[in-house]
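Going letter by letter, the sequence shown gives residues 4 to 463 in my numbering. Notes to accompany the following structure.
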Amino acid sequence: MELVHAESVDHDATYAYWKSDLHRPEVLIWSGRRRVAAVLEERRPDGTLVLSLPERDWPAAVRPGGRLALAFRADAGRLRRRRLVPLFTTDYTVDDRAGRVEARFPAGLDAEGTRRLPEPVAARLDSSVLFGRPLQIDILRLSPYHGEFVADDPGRCLAPGMSVVIDSWLPWLGGWRLNAQLTGCREEAAGVRFSFRIVDRASVRASAVVLVGTDPGFGFAELRAAGVRPARVARYLTVRTVADDVTHRQALDVRLVGNRHFGRLTDVRDSVEVADRLDAHAVSFVCLLGEKPVGTGRVVVNTGNRALSEIETETVGLPVHIWRGRFVEVSRLAIDPEHRGAGVVVALFRETARLAFNLDCRYLVLDAIEKLVPAYEKIGGTRLPIVKTHPYSKETVHVMAIDMGRQLGVLGRRWPYWQYVFGPVLAHHMRTSSPHVLARLVQGVGVVPFWVKRAVSRVL
4 MELVHAESVD HDATYAYWKS DLHRPEVLIW SGRRRVAAVL EERRPDGTLV LSLPERDWPA
64 AVRPGGRLAL AFRADAGRLR RRRLVPLFTT DYTVDDRAGR VEARFPAGLD AEGTRRLPEP
124 VAARLDSSVL FGRPLQIDIL RLSPYHGEFV ADDPGRCLAP GMSVVIDSWL PWLGGWRLNA
184 QLTGCREEAA GVRFSFRIVD RASVRASAVV LVGTDPGFGF AELRAAGVRP ARVARYLTVR
244 TVADDVTHRQ ALDVRLVGNR HFGRLTDVRD SVEVADRLDA HAVSFVCLLG EKPVGTGRVV
304 VNTGNRALSE IETETVGLPV HIWRGRFVEV SRLAIDPEHR GAGVVVALFR ETARLAFNLD
364 CRYLVLDAIE KLVPAYEKIG GTRLPIVKTH PYSKETVHVM AIDMGRQLGV LGRRWPYWQY
424 VFGPVLAHHM RTSSPHVLAR LVQGVGVVPF WVKRAVSRVL
């Protein structure tokens, strides 16, 4: 470790500084069956570690030509509990005269298994090897098992083999933590770039959740491969009303990719082509998983204008009682095929019900292909004597209506399904709006089921 006098750089200066951070942690080295303790003297720009051996261990302490294992003394407890394994290399040289070992570890940067994040994620890094020196880092690449970050490490405190704790925070996820071990490094113009491997199961799950909410190419299949059930990420679903060009484009993109999954719109190249005239008269929304759009839909608000009802203009017309009771037309529901089965459709239906309650509409009117009819019937949908052609294909679809007023006042064998989907909406509406708005939809003996559903919604 070299002491540099500032006079050699600036003749007017009266101080001195160290080229490194006086950071000389002890390192455990295994060469064959022999274990020796060494001191980390230097980390070079290419990631080479210069280790000095105690004089008593110089003779044949580390033999060249074999495999070298390295771990920091501060991590010895984790090694004993088998929560960490040493870092191995065969690329090292031994200076018997000086009692030094130079160990080089493959940087492993730009690894094929890691994914470049759309935006670097700021994080805080700490380690038991460091002393009051947490570092601010930017995570650049990540996979459930490996990753890369860049750090400003002027003191060269970090080194391959060191176990670290990475803490970060994302608006949609909150705080999350990775327990990792550094595996390589390289100094670049933007800072020092490190590769790391994730060392425990909880961190594997955390990194998988981060990826499913940020990386467009990381879907539920990859999430399951990392040992995380898609249902566990349903809490990170949010619904955003389309209010600008960005969210409008996101909704159209999901609309296109969701229909392509069923063999529709295969000749469409730009999602703008799937927009139609009713988008201007609808409340459209997009469902986000973290930062990724995964679902979309819209509620067409007709305000009694029959020309603004797609079903009315393309069929024999809706029954009079539906027009009299007021309705919103739910259409263009679509889900990204890589993210089906984790509550996306539930989040979309809850948003449609929220809008219907706020618009004082009794009915949700929608169309459904044959295989989706049973699912909609579970949540109160009934078939109307109307069929139409799917707007993006020649499929015949059934027109259905969900009478929210009637469903509020009945209990039946399908009540649990209705309660699961619409219960949170009912609880929210009763907290934020006058209870008389919904109560007037229920009459007679239906008041009792209404109060039961209301009470259950508050509890859940």
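Just so it is clear, CB atoms sit at the ideal spot from N, CA and C, and this is done for glycine as well.
Practice task
Below 6 Å CB to CB, which residues in the same chain sit around Val12 once its five sequence neighbours on both sides are set aside?
Solution key: Here Val12 scores only 49 on pLDDT, less than 50, and its place in the model should not be relied on; the value that follows carries that caveat. Nothing meets the Cβ criterion.
Problem - Own chain, CB closer than 6 Å to Arg81, minus 5 neighbours either side, in chain order - result: The beta carbon of Arg81 is closer than 6 Å to those of Leu87 in its chain, skipping five residues each way along the sequence.
Problem - Beta-carbon proximity list for Cys364, same chain, < 6 Å, skipping 5 on both sides - result: Only Arg329, Phe330, Val331 meet the Cβ criterion.
Problem - Span of the alpha helix (DSSP H), counted from its first residue to its last, around Asp256 - result: Residues 248-263.
Problem - Asp370 classed as buried or exposed, judged by whether at least 16 other C-beta atoms fall within 10 angstroms - result: It is buried - the Cβ of Asp370 has at least 16 other Cβ atoms within 10 Å.
Handout entry: Bounding residues of the beta strand (DSSP E) (the contiguous stretch that carries Glu190)
Key = It spans 177-191 - the beta strand (DSSP E) in which Glu190 sits, taken as one unbroken run.
Problem - Range covered by the beta strand (DSSP E) that runs through Met403 - result: 399-406
Exercise for the section: Find the nearest neighbour of Val402 within the set Ile314, Phe221, Gly150, judged by alpha-carbon distance. Expected result: Ile314
Handout entry: For Thr51 and Glu10, the rounded distance between their alpha carbons
Key = With a pLDDT of only 45 at Glu10, under the threshold of 50, the placement of this residue in the model should not be trusted; the figure read from the coordinates follows. C-alpha separation (whole angstroms): 30 Å.
Practice task
Have a look at the DSSP bridge pairing and note the partners of Glu466.
Solution key: Because the chain here runs from 4 to 463, residue 466 falls outside it and cannot be looked at.
Practice task
Per DSSP, which residues does Val318 bridge with? Please list them.
Solution key: In the sequence on display, residue 318 carries Thr and not Val. Looking at the DSSP assignment, Thr318 forms no beta bridge with any residue, so it has no partner.
Exercise for the section: Give every residue of the same chain whose Cβ lies closer than 6 Å to the Cβ of Ala430, excluding the five residues on either side of it in the sequence, and list them in chain order. Expected result: Ser460, Arg461
Problem - Boundaries of the beta strand (DSSP E) in which Glu45 is found, first to last residue - result: 37-46
Problem - Cβ-based burial, Leu128 [other Cβ within 10 Å; buried from 16] - result: buried
Problem - Inter-residue Cα distance where the pair is Arg434 and Ala74 - result: 57 Å
Handout entry: Spatial distance of Ala211 from Thr392 (CA atoms)
Key = 40 Å
Exercise for the section: Would you kindly work out how many angstroms separate the C-alpha atoms of Asp170 and Gly346, rounded to a whole number? Expected result: The straight-line gap from Cα to Cα measures roughly 28 Å.
Exercise for the section: Compute the distance between the beta-carbons of Arg353 and Pro438, then report whether it is under 8 Å. Expected result: no
Practice task
Under the assumption that Ala359 contacts Leu367 (Cβ atoms under 8 Å), give the Cβ distance between them as a whole number of angstroms.
Solution key: 6 Å
Exercise for the section: Look at Phe502 and Thr93 and say whether their C-beta atoms are less than 8 Å apart. Expected result: The displayed coordinates of the chain run from 4 to 463. Any statement about residue 502 would go beyond what the structure contains.
Exercise for the section: Would you tell me roughly how many angstroms separate the C-alpha atoms of Ser34 and Ser55, rounded to the nearest one? Expected result: 15 Å
Exercise for the section: Identify whether Thr244 lies in helix, strand or coil by the three-state DSSP scheme. Expected result: strand
Practice task
Report all residues from its chain with a CB closer than 6 Å to the CB of Thr244; omit the five preceding and five following residues, and keep chain order.
Solution key: Taken in chain order, the residues that qualify are Phe288.
Handout entry: Touch test, the stretch 257-269 against the stretch 306-322, Cβ-Cβ under 8 Å, three pairs minimum
Key = no
Practice task
Could you work out which residue in Pro123, Ser130, Val168, Leu173 is closest to Cys160 when comparing CA atoms only?
Solution key: Ser130
Problem - Length of the line joining the Cα atoms of Glu105 and Phe134 - result: Taking C-alpha positions only, Glu105 is separated from Phe134 by approximately 25 Å.
Practice task
Keeping to the same chain, check which residues put their C-beta closer than 6 Å to that of Pro174; ignore five residues upstream and five downstream.
Solution key: none
Problem - Sequence-distant residues of the same chain with beta carbon closer than 6 Å to Val65, five excluded per side - result: Ser34, Val97, Val104
Problem - Nearest-angstrom Cβ-Cβ length linking Arg100 and Leu214, presumed shorter than 8 Å - result: Incorrect: roughly 49 Å between the Cβ atoms, too far for contact.
Exercise for the section: Sort out for me which residues DSSP pairs Tyr366 with in a bridge. Expected result: Tyr366 pairs with Phe330, Asp406.
Practice task
Can you grab the Cα-Cα spacing for the pair Gly125 / Leu181, in whole Å?
Solution key: Correcting the residue type first, residue 125 is Ala in the shown sequence and not Gly. Looking at the two C-alpha atoms, the distance is approximately 13 Å.
Practice task
Answer yes or no: do Ala183 and Arg200 have a C-beta to C-beta separation smaller than 8 Å?
Solution key: yes
Exercise for the section: Report the residue from Tyr239, Leu138, Val249, Asp248 whose alpha carbon sits nearest the alpha carbon of Gly194. Expected result: Leu138
Problem - Sheet register partners of Glu341 (DSSP bridge) - result: For Glu341, which the question treats as bridged, DSSP gives no partner whatsoever.
Practice task
Would you decide whether Asp279 is buried or exposed? Buried here means 16 or more other CB atoms lie within 10 Å of its CB.
Solution key: exposed
Practice task
Sort Gly178, Val39, His324 by Cα distance to Leu71 and report the nearest one.
Solution key: Val39
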